[in-house]
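Residue numbers (the numbering used here), protein chains in the order written: chain A, 62 to 194; chain B, 62 to 194.
The beta carbon of each residue, even a glycine, is placed where N, CA and C say it ideally should be.
What follows is one structure encoded as C-alpha cells, with my remarks underneath.
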C-alpha cells in the first residue's frame, strides 16, 4: 500500500492536509508531523509513531517543508530506509498530484512527474495577464 | 511598504505562516486568508478586509495555493490592481525568500529570483544520497 507523510515546522503540515482534503475529499493513509508545535512530541518520537504504522511492503512518500531544514534533516536520519521516498519543498500541486496518482504507476515515475509539474505550477500570475499597454 | 498575503483553501495559509515564523521570527505586514474554513467569511469579504489595510503606495505580494483553484481565481477577480503581485503554488522556500528579501530590491526581481530558487528546492531527496550499489 502507498502511504504518505507531510512533515513540517509548525502547523504547515496539517494546514496543507486540510487544503488537500477540501479539494480532493478525505484521504486515507496520510500522516502529518508538526515539529515545534506547542506540546508536540519530539520529531524523532513523531517519526517513530508513524513508522510503526508502515509495513515493510508499504511505500511511504514523505513530503517535507524545506531542504536543509531541521525537519528534513531529522526525517533523513530517522526514516530513510527501503521503500521510503522523500521530497522537499512541498507545495499543494505536488501533494495533490502525487497523492491522487494511480497507485499502479511506479512510485519513482509518479514522483519525478509530480516534481516537474509542481515546479510549473509556481507561477508569477501577473505575467499571464494581457497588458493594456 | 511591502506587504504580504497568503491565501489558501483551508488552514494551509496559517500553517505556512506558523512555519515561516518558527524559522524567521515574527513577521510584520503579513496577512492570511483561509477559505472554506469553518465559520470563516467569504473569500471576497476576507480579501476586502485585507485590501483596506493596503495603501496605494504599498506593494502587496499575494501567495496562493493553486493555479486555477477557486482561491487564486477569486484573488485575481478581487485583488488585482496596481502594485499587487500574485504568485501561485507557494511553498516554504518561496515564502521565506520573498518575505525576507531586501525591500530595496525591485519587487519583480525579488519575485522572479524567488520563483526560480523555490523550484530548485522541490527535490527528490533520495537521488542526492550516494547509492551503496
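Could you give the residue range of the alpha helix (DSSP H) that holds residue i?
{"i": "residue 145 of chain A", "result": "Not the alpha helix (DSSP H): residue 145 of chain A falls in the beta strand (DSSP E), residues 145-149."}
{"i": "residue 74 of chain B", "result": "73-85"}
{"i": "residue 140 of chain B", "result": "131-140"}
{"i": "residue 155 of chain B", "result": "153-160"}
{"i": "residue 112 of chain B", "result": "104-112"}
{"i": "residue 181 of chain A", "result": "168-181"}
Determine, for residue i, whether the minimum Cβ-Cβ distance to residues of chain B falls below 8 Å.
{"i": "residue 173 of chain A", "result": "yes"}
{"i": "residue 92 of chain A", "result": "no"}
{"i": "residue 139 of chain A", "result": "no"}
{"i": "residue 65 of chain A", "result": "no"}
{"i": "residue 192 of chain A", "result": "no"}
{"i": "residue 108 of chain A", "result": "no"}
{"i": "residue 111 of chain A", "result": "no"}
{"i": "residue 62 of chain A", "result": "no"}
{"i": "residue 168 of chain A", "result": "no"}
Would the beta-carbon of residue i fall within 8 Å of that of residue j?
{"i": "residue 113 of chain A", "j": "residue 145 of chain A", "result": "no"}
{"i": "residue 149 of chain B", "j": "residue 184 of chain A", "result": "yes"}
{"i": "residue 73 of chain B", "j": "residue 160 of chain B", "result": "no"}
{"i": "residue 68 of chain A", "j": "residue 123 of chain A", "result": "yes"}
{"i": "residue 108 of chain B", "j": "residue 140 of chain B", "result": "yes"}
{"i": "residue 70 of chain A", "j": "residue 80 of chain B", "result": "yes"}
{"i": "residue 186 of chain A", "j": "residue 77 of chain B", "result": "no"}
{"i": "residue 132 of chain A", "j": "residue 96 of chain A", "result": "yes"}
{"i": "residue 135 of chain B", "j": "residue 170 of chain B", "result": "no"}
{"i": "residue 10 of chain A", "j": "residue 63 of chain A", "result": "With chain A covering only 62 through 194, there is no way to say anything about residue 10 of chain A."}
Considering residue i, what are the terminal residues of the beta strand (DSSP E) in which it resides?
{"i": "residue 91 of chain A", "result": "91-96"}
{"i": "residue 66 of chain B", "result": "63-70"}
Could you tell me whether the Cβ of residue i comes closer than 8 Å to any Cβ of chain A?
{"i": "residue 114 of chain B", "result": "no"}
{"i": "residue 153 of chain B", "result": "yes"}
{"i": "residue 161 of chain B", "result": "no"}
{"i": "residue 187 of chain B", "result": "yes"}
{"i": "residue 135 of chain B", "result": "no"}
{"i": "residue 121 of chain B", "result": "no"}
{"i": "residue 103 of chain B", "result": "no"}
{"i": "residue 89 of chain B", "result": "no"}
{"i": "residue 100 of chain B", "result": "no"}
{"i": "residue 46 of chain B", "result": "Since the first residue shown for chain B is 62 and the last is 194, residue 46 of chain B is missing from the structure and cannot be characterised."}
{"i": "residue 126 of chain B", "result": "yes"}
Mapping DSSP to helix, strand and coil, what is residue i?
{"i": "residue 125 of chain A", "result": "strand"}
Does the structure place the stretch 171-180 of chain B close enough to the stretch 148-158 of chain B that three or more beta carbon pairs sit under 8 Å? At 8 Å Cβ cutoff, the stretches touch.
Give a yes or no on contact between the stretch 136-154 of chain B and the stretch 112-130 of chain A, applying the rule of three or more CB pairs nearer than 8 Å. With a cut-off of 8 Å, the stretch 112-130 of chain A and the stretch 136-154 of chain B count as touching, because enough Cβ pairs lie within range.
Do the stretch 156-175 of chain A and the stretch 84-92 of chain B touch if we need at least three Cβ pairs shorter than 8 Å? Note that the stretch 156-175 of chain A does not touch the stretch 84-92 of chain B; fewer than 3 beta-carbon pairs, one per stretch, sit closer than 8 Å.
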